[in-house]
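Undergrad: Which chain is which? The protein sequence lines are E and Y, in order.
Read in order, the letters of the first sequence are residues 1 to 114 in the working numbering.
Read in order, the letters of the second sequence are residues 1 to 109 in the working numbering.
Here's a structure for you.
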Amino acid sequence: NAGVTQTPKFQVLKTGQSMTLQCAQDMNHNSMYWYRQDPGMGLRLIYYSASEGTTDKGEVPNGYNVSRLNKREFSLRLESAAPSQTSVYFCASSEGPVRNQPQHFGDGTRLSIL
Amino acid sequence: GDSVTQMEGPVTLSEEAFLTINCTYTATGYPSLFWYVQYPGEGLQLLLKATKADDKGSNKGFEATYRKETTSFHLEKGSVQVSDSAVYFCAGSARQLTFGSGTQLTVLP
């Protein structure tokens, strides 16, 4: 059971470079999310997509863009990477945006920006 | 805005000890409450949840009861094992999922 798959697992970038983090889910979920995890701060929502064709900003969207390519795939793009974006990034999905539905997480992408 | 306050760690226990990790949630309305667990190098996994007052979530020997008066959802386990060593996150869902800062648990044999 694949669940939520994120690529790459690790990446090192130089300041100013761009890159796209990929996420795909095989559970036929409608909603998808991108979080970042920093030490001592839990997970913070960057962007989410309640359903195919829609995207919305979360708590910390600055410096990021997203694309909901289709129902399965939701990518996160850093246009000009900054050291403050060094973090672990998690993609998640849920059946829908309603409040009592649990989210399913990928294993994360560990991103370092020098 | 919504917030989750979770007991800070790290917490170190001996095998078979009793575990409590405190969690309270502040929000408009009554959110659903969750506990997630994160093992090293992995993503978060749902451990248990409760969607309304007085609900008790349970899984793998862990329990938590949704207390309406204080919007608390403390995680408990009567006898921890070495394999329970992980980071535990409390989370609440009113509009979006809001996470606590996580509690690192280490269980020693």
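The C-beta atom is built at its ideal place from N, Cα and C for all residues, glycine as well.
I'd like to check one pair, Ala50 of chain Y with Gly94 of chain Y: are the Cβ atoms closer than 8 angstroms?
TA: The residue given as residue 94 of chain Y occupies position 94 in the second sequence. The residue given as residue 50 of chain Y occupies position 50 in the second sequence. Looking at the sequence provided, one finds Ala at residue 94 of chain Y rather than Gly. Contact flag unset, no.
Undergrad: Quick check on the burial criterion: 16 or more other C-beta atoms within 10 angstroms. Buried or exposed for Arg36 of chain E?
TA: Residue numbering aside, residue 36 of chain E sits at position 36 when the first sequence is read from its first letter. Arg36 of chain E should be labelled buried.
Undergrad: The beta strand (DSSP E) with Leu45 of chain E in it runs from where to where?
TA: Here residue 45 of chain E corresponds to residue number 45 of the first sequence, with the count starting at 1. Per DSSP, Leu45 of chain E belongs to the beta strand (DSSP E) from 43 to 49.
Undergrad: Got a sec: is the Cβ-Cβ distance from Ala94 of chain Y to anything in chain E below 8 angstroms?
TA: Here the question's residue 94 of chain Y lines up with position 94 in the second sequence. Answer yes: the Cβ-Cβ gap between Ala94 of chain Y and chain E drops below 8 angstroms somewhere.
Undergrad: Residues in its own chain within less than 7 angstroms of Pro61 of chain E by CB, not counting five upstream and five downstream?
TA: In the first sequence, residue 61 of chain E corresponds to position 61, counting from 1. Excluding residues within five positions, the ones whose Cβ falls inside 7 angstroms are Ile46, Tyr47.
Undergrad: Going along chain E, which residues have a C-beta under 9 angstroms from Lys49 of chain Y?
TA: Counting from 1 along the second sequence, the entry for residue 49 of chain Y is found at position 49. Ordered by position in chain E, the residues that pass the 9 angstroms Cβ test against Lys49 of chain Y are Asn100, Pro102.
Undergrad: Quick one: is Ala86 of chain Y buried, meaning 16 or more other Cβ sit within 10 Å of its Cβ, or exposed?
TA: The residue given as residue 86 of chain Y occupies position 86 in the second sequence. Under this definition Ala86 of chain Y is a buried residue.
Undergrad: Mapping DSSP to helix, strand and coil, what is Ser83 of chain Y?
TA: Looking up residue 83 of chain Y in the second sequence gives position 83. If DSSP states are grouped into helix, strand and coil, Ser83 of chain Y belongs with the helices.
Undergrad: Between Ser72 of chain Y and chain E, is the shortest Cβ-Cβ distance under 8 angstroms, so that the two count as touching?
TA: Your numbering for residue 72 of chain Y matches position 72 in the second sequence. Answer no: the Cβ-Cβ gap between Ser72 of chain Y and chain E never drops below 8 angstroms.
Undergrad: Going by the CB atoms, is the gap between Gly100 of chain Y and Val4 of chain Y shorter than 8 angstroms?
TA: Indexing the second sequence from 1 puts residue 4 of chain Y at position 4. Indexing the second sequence from 1 puts residue 100 of chain Y at position 100. Their beta carbons are under 8 angstroms apart, which means Val4 of chain Y touches Gly100 of chain Y by this criterion.
Undergrad: Say whether chain E places a C-beta atom closer than 8 angstroms to the C-beta of Pro31 of chain Y.
TA: To locate residue 31 of chain Y, count along the second sequence from 1; it is residue 31. At least one chain E Cβ lies under 8 angstroms of Pro31 of chain Y.
Undergrad: To which residues of the same chain is Val82 of chain Y closer than 8 angstroms at the C-beta, ignoring the five residues directly before and after it?
TA: What you label residue 82 of chain Y is simply residue 82 of the second sequence in a count that begins at 1. Glu15, Val107, Leu108, Pro109, listed in sequence order.
Undergrad: Taking Gln85 of chain E as the reference, which of E:Gly106, E:Phe74, E:Leu111 has the closest Cα?
TA: Position 85 of the first sequence, counted from the start, is the residue given in the question as residue 85 of chain E. Nearest option by C-alpha distance: E:Leu111.
Undergrad: Just the Cα atoms here: how many angstroms apart are Pro97 of chain E and Asp55 of chain Y?
TA: Locating residue 97 of chain E in the first sequence gives position 97, where the first residue counts as 1. Locating residue 55 of chain Y in the second sequence gives position 55, where the first residue counts as 1. Taking the straight line joining both Cα atoms gives about 21 angstroms.
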